[in-house]
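Residue numbers (my numbering), protein chains in the order written: chain L, 1 to 145; chain E, 1 to 145.
Protein chains: 2
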Amino acid sequence: MRNNFSLALKKLNLKITPKRLAILEILMKESVFLGPEEIWKKLRTRFKKIGLPTVYRNLEELAEGNIISKINHPNRQLYYYLCPNQSPHHHFICLSCHKVEDINFCILKELEEEVINNIRGKVLSHILQINGLCKECFKERKNGL
Amino acid sequence: MRNNFSLALKKLNLKITPKRLAILEILMKESVFLGPEEIWKKLRTRFKKIGLPTVYRNLEELAEGNIISKINHPNRQLYYYLCPNQSPHHHFICLSCHKVEDINFCILKELEEEVINNIRGKVLSHILQINGLCKECFKERKNGL
DNA sequence: AATTAAATAAAAATCATTTCTATTTAACAC
DNA sequence: GTGTTAAATAGAAATGATTTTTATTTAATT
């Protein structure tokens, strides 16, 4: 596990610092989307003296290197980060437990064609985020959703 | 035109103020997505004394009433607003000229089914934003895109 | 162990957005 | 039209997330 991260960091010419590894470990353990401040609070249990800017900087660097990815939460204006996944822009987000799952999105090609037909321009990128309840939360129907 | 706006405002129990109408006229004229500050600058040519908070407040109220809608721009963290359109969450955004077009999205039902099959939970909402070049900008290939 | 460039802490700055309060104004009744 | 009232506004200040700055520390390499 740690070796994977180290290798990935080396490829990006990022030094392997305890804090950087800790951030990745937190994101890996949680498999939930977290804000910089949430991550910072978790880090402070291990590092008494860690600054919030350090967390921001690291998250940004890791996101640039595609080790983690950035998403939007619909009801907050902050960005959240998440461990690597195959399709960086297709998320299913559980609004109850905040778990993030990839969605198997074979419709995308069709969509792109449809858009090109409508717009007659060029598609460069997209943001697709689907919000709902995951299996478990749907059963429990937490939060009155 | 103005009557349409007045009627819509009345339905929402919002008073018909010159500034409120001006905001709607700007958004209608431009048919491009604009940030609060951009709108504010345009308003100041007509109203010397208009505060940015007034613009924010109005945009928020109008968005709540579905007279305008809010979208995300991928490379800025700000929200942008746009005149009413039929499908509030499906936008095609030209990264060159910032024009916003609706996309005729008949694939959505399929997508929802696909997600439900994968996740086995519940879909509550989604954000779909497609970025690219509109017909005109694609021809001109502005901005090196 | 010494060197060097990157990473960090801490404080301060920035920037978008929101809140607060006193004043103004639109809507409505007369 | 004039008066009344609740909503809208200006302007200043507050907020809150994020970024920048600078001096110090540390990881990587020799």
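Note that the Cβ used here is the ideal one computed from N, Cα and C, for glycine as well. Keep in mind that this is a model prediction, so the values were computed, not measured.
Close beta carbons around residue i, own chain, < 8 Å, minus the five adjacent residues each side
i         : result
Lys15(L)  : Leu9
Glu61(E)  : Leu12, Leu14
Asn148(E) : Lying before the first or after the last residue shown, residue 148(E) is absent from chain E, which here runs from 1 to 145.
Rounded separation between residue i and residue j - CA only
i         : j         : result
Ile68(E)  : Glu25(L)  : 42 Å
Glu38(L)  : Leu52(E)  : 31 Å
Val115(E) : Lys48(L)  : 42 Å
Glu140(L) : Asn117(E) : 19 Å
Cys134(E) : Ile119(L) : 6 Å
Leu7(E)   : Lys29(E)  : 19 Å
Lys41(L)  : Lys41(E)  : 40 Å
Leu27(L)  : Cys137(E) : 40 Å
Asn66(E)  : Phe5(E)   : 12 Å
Lys142(L) : Gly132(L) : Any reading at Lys142(L) must be qualified, since the residue scores a pLDDT of 48, below 50, and its modelled position is unreliable; no value is offered.
Phe33(L)  : Thr54(E)  : 34 Å
Phe92(E)  : Phe92(L)  : 21 Å
Cβ neighbour criterion (16 or more within 10 Å) applied to residue i
i         : result
Lys122(L) : buried
Glu113(E) : exposed
Glu101(E) : buried
Leu43(L)  : buried
Partners in chain L for residue i, counting only beta-carbon separations shorter than 7 Å
i         : result
Lys122(E) : Gly132, Leu133, Phe138
Cross-chain neighbours of residue i in chain L, by beta carbon under 8 Å
i         : result
Ile119(E) : Phe92, Glu101, Ile103, Gly132, Cys134, Lys135
6 Å CB neighbourhood of residue i in its chain, flanking five on each side removed
i        : result
Tyr56(L) : Pro36
7 Å CB neighbourhood of residue i in its chain, flanking five on each side removed
i        : result
Arg46(E) : Ala22
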